[in-house]
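Shown next, in C-alpha coordinates, is the structure this report addresses.
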Amino acid sequence: MQINLTGRHVEITTALREYVDSKFAKLERHFDHINNVHVILNVEKLKQIAEAKLHLNGGEVFAVSEDENMYAAIDQLIDKLDRQVIKHKEKISRH
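Right, here's the structure in full:
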(Lines of atoms letter the chains of each structure in order from A; the text may use other names.)
(Lines give C-alpha, C1' and ligand atoms only; values in the text may rest on other atoms or scores of the structure.)
Protein backbone atom coordinates (compact mmCIF):
# COMPACT_ATOMS: atom_id res chain seq x y z
CA MET A 1 0.00 0.00 0.00
CA GLN A 2 1.40 3.35 -1.05
CA ILE A 3 0.53 6.36 1.12
CA ASN A 4 0.81 9.87 -0.34
CA LEU A 5 0.74 12.45 2.44
CA THR A 6 0.13 16.13 1.66
CA GLY A 7 0.14 19.01 4.12
CA ARG A 8 -1.74 22.25 3.50
CA HIS A 9 -0.68 25.04 5.86
CA VAL A 10 0.96 22.41 8.06
CA GLU A 11 4.42 20.86 8.05
CA ILE A 12 4.39 17.08 7.78
CA THR A 13 6.70 16.05 10.59
CA THR A 14 8.23 12.61 10.96
CA ALA A 15 5.94 11.98 13.94
CA LEU A 16 2.83 12.83 11.90
CA ARG A 17 3.96 10.63 9.00
CA GLU A 18 4.67 7.68 11.32
CA TYR A 19 1.30 8.16 13.04
CA VAL A 20 -0.56 8.12 9.71
CA ASP A 21 1.44 5.07 8.53
CA SER A 22 0.66 3.11 11.72
CA LYS A 23 -3.05 3.95 11.54
CA PHE A 24 -3.34 2.90 7.90
CA ALA A 25 -1.51 -0.34 8.66
CA LYS A 26 -4.42 -1.18 10.99
CA LEU A 27 -6.85 -0.47 8.13
CA GLU A 28 -4.93 -2.82 5.89
CA ARG A 29 -5.56 -5.67 8.35
CA HIS A 30 -9.28 -5.44 7.58
CA PHE A 31 -8.87 -5.29 3.82
CA ASP A 32 -5.58 -6.05 2.11
CA HIS A 33 -6.61 -4.88 -1.38
CA ILE A 34 -5.87 -1.19 -0.72
CA ASN A 35 -3.75 -0.05 -3.65
CA ASN A 36 -3.15 3.63 -3.05
CA VAL A 37 -3.99 6.15 -0.35
CA HIS A 38 -3.92 9.94 -0.63
CA VAL A 39 -4.07 11.72 2.73
CA ILE A 40 -4.37 15.51 3.03
CA LEU A 41 -3.78 17.19 6.37
CA ASN A 42 -5.06 20.77 6.40
CA VAL A 43 -5.10 23.55 8.98
CA GLU A 44 -7.70 26.33 8.76
CA LYS A 45 -7.44 28.71 11.69
CA LEU A 46 -8.49 26.55 14.67
CA LYS A 47 -9.72 23.58 12.62
CA GLN A 48 -7.44 20.63 11.94
CA ILE A 49 -8.79 18.72 8.94
CA ALA A 50 -7.76 15.25 7.80
CA GLU A 51 -9.10 13.78 4.57
CA ALA A 52 -8.23 10.67 2.62
CA LYS A 53 -9.11 8.87 -0.57
CA LEU A 54 -8.44 5.14 -0.76
CA HIS A 55 -8.18 3.36 -4.09
CA LEU A 56 -9.39 -0.20 -3.56
CA ASN A 57 -9.85 -3.14 -5.87
CA GLY A 58 -13.34 -2.45 -7.17
CA GLY A 59 -13.82 1.14 -6.04
CA GLU A 60 -12.82 4.20 -4.07
CA VAL A 61 -13.50 5.31 -0.51
CA PHE A 62 -13.34 8.94 0.68
CA ALA A 63 -13.71 10.48 4.14
CA VAL A 64 -13.11 13.81 5.87
CA SER A 65 -12.71 14.54 9.56
CA GLU A 66 -12.01 17.68 11.54
CA ASP A 67 -11.07 18.36 15.14
CA GLU A 68 -9.12 20.88 17.21
CA ASN A 69 -6.30 18.32 17.43
CA MET A 70 -4.70 16.84 14.28
CA TYR A 71 -4.10 13.43 15.89
CA ALA A 72 -7.77 13.24 16.96
CA ALA A 73 -8.83 14.21 13.43
CA ILE A 74 -6.66 11.39 12.02
CA ASP A 75 -8.19 8.92 14.52
CA GLN A 76 -11.72 9.93 13.50
CA LEU A 77 -10.75 9.68 9.84
CA ILE A 78 -9.46 6.13 10.31
CA ASP A 79 -12.69 5.15 12.11
CA LYS A 80 -14.78 6.47 9.21
CA LEU A 81 -12.59 4.80 6.60
CA ASP A 82 -12.62 1.54 8.57
CA ARG A 83 -16.42 1.41 8.51
CA GLN A 84 -16.50 2.21 4.79
CA VAL A 85 -13.82 -0.36 3.95
CA ILE A 86 -15.68 -3.08 5.88
CA LYS A 87 -18.91 -2.14 4.07
CA HIS A 88 -17.05 -2.28 0.72
CA LYS A 89 -15.55 -5.66 1.61
CA GLU A 90 -19.01 -7.05 2.49
CA LYS A 91 -20.43 -5.70 -0.76
CA ILE A 92 -17.67 -7.42 -2.78
CA SER A 93 -18.05 -10.74 -0.94
CA ARG A 94 -21.80 -10.82 -1.71
CA HIS A 95 -21.12 -10.88 -5.45
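Oh and the sequence shown: position 77 is 77 in the numbering used here, straight run, nothing missing. Just so you know, even glycine gets a beta-carbon here, dropped at the ideal spot from N, CA and C.
Per DSSP, what are the beta-bridge partners of residue i in this structure?
{"i": "THR6", "result": "ILE40"}
{"i": "VAL64", "result": "GLU51"}
Measuring straight from C-alpha to C-alpha, what distance separates residue i and residue j?
{"i": "GLN84", "j": "ARG8", "result": "25 Å"}
{"i": "LEU54", "j": "PHE24", "result": "10 Å"}
{"i": "VAL61", "j": "LEU81", "result": "7 Å"}
{"i": "LEU27", "j": "GLU44", "result": "27 Å"}
{"i": "HIS33", "j": "ILE92", "result": "11 Å"}
{"i": "VAL20", "j": "ARG94", "result": "31 Å"}
{"i": "ALA15", "j": "GLY58", "result": "32 Å"}
{"i": "LYS47", "j": "GLU11", "result": "15 Å"}
{"i": "LEU41", "j": "GLU18", "result": "14 Å"}
Take residue i and list the residues in its own chain whose beta-carbon comes closer than 8 Å to its own, dropping the five residues that flank it on each side.
{"i": "HIS30", "result": "ASP82, VAL85, ILE86 and LYS89"}
{"i": "LEU56", "result": "PHE31, HIS33, ILE34, ASN35, VAL85 and HIS88"}
In chain order, what residues of the same chain lie with their CB nearer than 6 Å to the CB of residue i, ignoring the 5 residues before and after it?
{"i": "GLN2", "result": "ASN36"}
Item checked: Length at least 3, wholly inside the region 11-61: the beta strand (DSSP E) runs in chain order -> 34-44 and 47-56
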